[in-house]
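A.B. asks:
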Amino acid sequence: KTGVVTVSSGNLNIRDSASTSGNIVVKVQDGQVVAITGVSGEWYKVTLIYDGTTYNGYAHSDYITLDETKEVCPYAVPTATVSQGSSGDSVKWVQWYLGKIGYLTEAGVDGSFGSGTLAAVKSFQTDKNLDVDGKVGPGTRAAIIGAYE
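My numbering numbers the first residue of the sequence shown as 978 and each following residue consecutively.
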C-alpha cells in the first residue's frame, strides 16, 4: 500500500516506534508519498527514501491518507527549488513524477536536470498555466503532485 502524508502545517515526525515518545527518525512534509509496510494499532509502519537514504519508522494513521491506486515515488519531495544544472534525488523526484504524468520517459530519471528535463518542466508549466520559468518551486511541485493524483 501507499500513503500520502497529510499535515496542515509543519512536518510529520516519523518515529522509531509506534508511540509519540519514540525517537524521531526523519521529518517529512505534507504531500510526501510513503510505502505502508505494516500496521501497529493506530500507527503505520512506513518506508521512504529521502536524499538517497532509506528510512523506516512509524507514523500515526491520522496523518497518512491511504492510496492503493498509486505507485510510490521512491524519492522525497524536494525542499528547495530545482532547476537546470541541479542533480540528485530532488531532480529524480521531478523526473519520476513528470514520467508518470506523461512528460518524460521512464528512462529520463537520471538525477541530472538537463535540457530534456527543462523542456518537460516548461511544457508542464505551459499546460497548467503556471509561470513558465523551467524551475520547480513550491507552486510547480504542488501542480505536479496534483496532476499525478
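Even for Gly, the Cβ is constructed at its ideal location relative to N, Cα and C.
Look up S1017 in the DSSP assignment and say whether it is helix, strand or coil.
C.D. replies: Indexing the sequence shown from 1 puts residue 1017 at position 40. Strand at S1017.
A.B. asks: What does DSSP give as the partner residues of V1011 in its beta bridges?
C.D. replies: Counted from its first residue, the sequence shown places residue 1011 at position 34. For V1011, which the question treats as bridged, DSSP gives the partners G980.
A.B. asks: Grab me the residues of S1089's own chain with a C-beta within less than 7 angstroms of its C-beta, minus the 5 sequence neighbours each way, in chain order.
C.D. replies: In the sequence shown, the residue the question calls residue 1089 occupies position 112. Around S1089: S1064, V1068.
A.B. asks: Can you tell me whether G1088 is helix, strand or coil according to DSSP?
C.D. replies: Here residue 1088 refers to the residue found at position 111 when the sequence shown is read from its first residue. Here G1088 sits in coil by DSSP.
A.B. asks: Rounded to the nearest angstrom, what separates G980 and E1048 at their Cα positions?
C.D. replies: Residue mapping note: residue 980 aligns to position 3 of the sequence shown, counting from 1. Residue mapping note: residue 1048 aligns to position 71 of the sequence shown, counting from 1. Approximately 10 angstroms between the Cα atoms of the pair.
A.B. asks: Would you mind sorting V1016 into buried or exposed? The rule is 16 or more other CB atoms within 10 Å of its CB.
C.D. replies: For the purposes of this step, residue 1016 is taken as residue 39 along the sequence shown, with counting starting at 1. Exposed: under 16 other Cβ atoms inside 10 Å.
A.B. asks: Could you give the residue range of the beta strand (DSSP E) that holds K1077?
C.D. replies: The residue labelled residue 1077 in the question sits at position 100 within the sequence shown. That residue, K1077, is in no beta strand (DSSP E); its alpha helix (DSSP H) goes 1066-1077.
A.B. asks: Within 8 angstroms, do at least three Cβ pairs link the segment 1068-1078 to the segment 1037-1044?
C.D. replies: The segment 1037-1044, when compared against the segment 1068-1078, does not touch it at the 8 angstroms Cβ threshold.
A.B. asks: With Y1125 as the anchor, note down where its beta strand (DSSP E) starts and where it stops.
C.D. replies: Here residue 1125 refers to the residue found at position 148 of the sequence shown. First-last for Y1125: 1115-1125, but that is the alpha helix (DSSP H), not the beta strand (DSSP E).
A.B. asks: With which residues is N990 paired in a DSSP beta bridge?
C.D. replies: Within the sequence shown, the letter at position 13 stands for residue 990. In the DSSP output, where bridge partners are listed per residue, N990 has K1004.
A.B. asks: Name the DSSP bridge partner or partners of A1036?
C.D. replies: For the purposes of this step, residue 1036 is identified with residue 59 of the sequence shown, where counting begins at 1. According to DSSP, which records beta bridges pairwise, A1036 is partnered with Y1021.
A.B. asks: So, using beta-carbon positions, are T1094 and L1107 closer together than 9 angstroms?
C.D. replies: Along the sequence shown, one-based indexing puts residue 1094 at 117. Along the sequence shown, one-based indexing puts residue 1107 at 130. Not in contact: T1094 and L1107 (Cβ atoms no closer than 9 angstroms).
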